[in-house]
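J.: Just so it is clear: in the sequence shown, position 137 is 423 by our numbering, and no numbers are missing.
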Amino acid sequence: MKATRIIRAANPDHMTALPETPSLIAFFMMPIEILKDLHNDFGNLIGERLTNVILFQAGFRSGFGIIKRMEVNCESISMLSPSLPSLWIELGLGLLEVVDATRETIVVVCNESKEALAMGQTGKPSCHLTSGYLSGVLSALLGEHYQCREIECLS
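Structure follows, in structure tokens:
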């Protein structure tokens, strides 16, 4: 993922309520190749459009859940620029720069995206899990629904 525009969504069509999160932080590590396998395997079974929706939703729930479990929040949109890049690195998802941030629209550039790296050269935005994850992270940090749309991809 290279450039992303995140738009506050009053009622995202993929989610009606923010998910409940247990207090335990549990996770596991896996090689990034699993991301390409998920894209390919789901794509073969259900098609590209539904695959993208499922990966986005899974990313959203993961990003939202980890932030809630970490009990991190962002008191104001002005605090997003200094805090989000270090949080993104800590999560192991690449390098992120907040280019512009208002309550309605947040523009970020993500370099070294693990999903883009795994996908290889696709010629189109392909980081659906990462886009969902970023949407979930921002929604949890700011307490409102945010919908991430990848504009340009490294892959």
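Positions of the beta carbon are idealized from the N, C-alpha and C atoms, including for glycine.
Being a predicted model, the structure only gives us computed values, none of them experimental.
(1) Leaving out five residues on either side along the sequence, give the residues of the same chain with a beta carbon under 6 Å from the beta carbon of PRO411.
(2) Pick out whichever of LEU415, THR388 and TRP374 has its Cα sitting closest to the Cα of ASN397.
(3) Whose CA, out of LEU341, MET365, ILE352 and ALA344, lies closest to the CA of LEU377?
(4) Roughly how many angstroms separate the alpha carbons of SER372 and CYS413, rounded to a whole number?
(5) Relative to the alpha-carbon of TYR257, which residue among MET405, ARG355, LYS400 and ALA387 has its alpha-carbon at the smallest distance?
(6) According to the neighbour-count rule (16 or more other Cβ atoms, all chains shown, within 10 Å of its Cβ), is SER362 buried or exposed?
(7) Report yes if the C-beta distance between GLY422 and GLY333 is below 8 Å; otherwise report no.
(8) Tell whether a beta-carbon distance below 8 Å holds between LYS400 and ILE320.
T.: Taking the definition as stated:
(1) GLU436 and CYS439
(2) TRP374
(3) When C-alpha distances from LEU377 are compared across LEU341, MET365, ILE352 and ALA344, the shortest belongs to ILE352.
(4) 20 Å
(5) In this structure the chain extends from 287 to 441, so residue 257 is not present and cannot be described.
(6) Classification for SER362: exposed.
(7) no
(8) no
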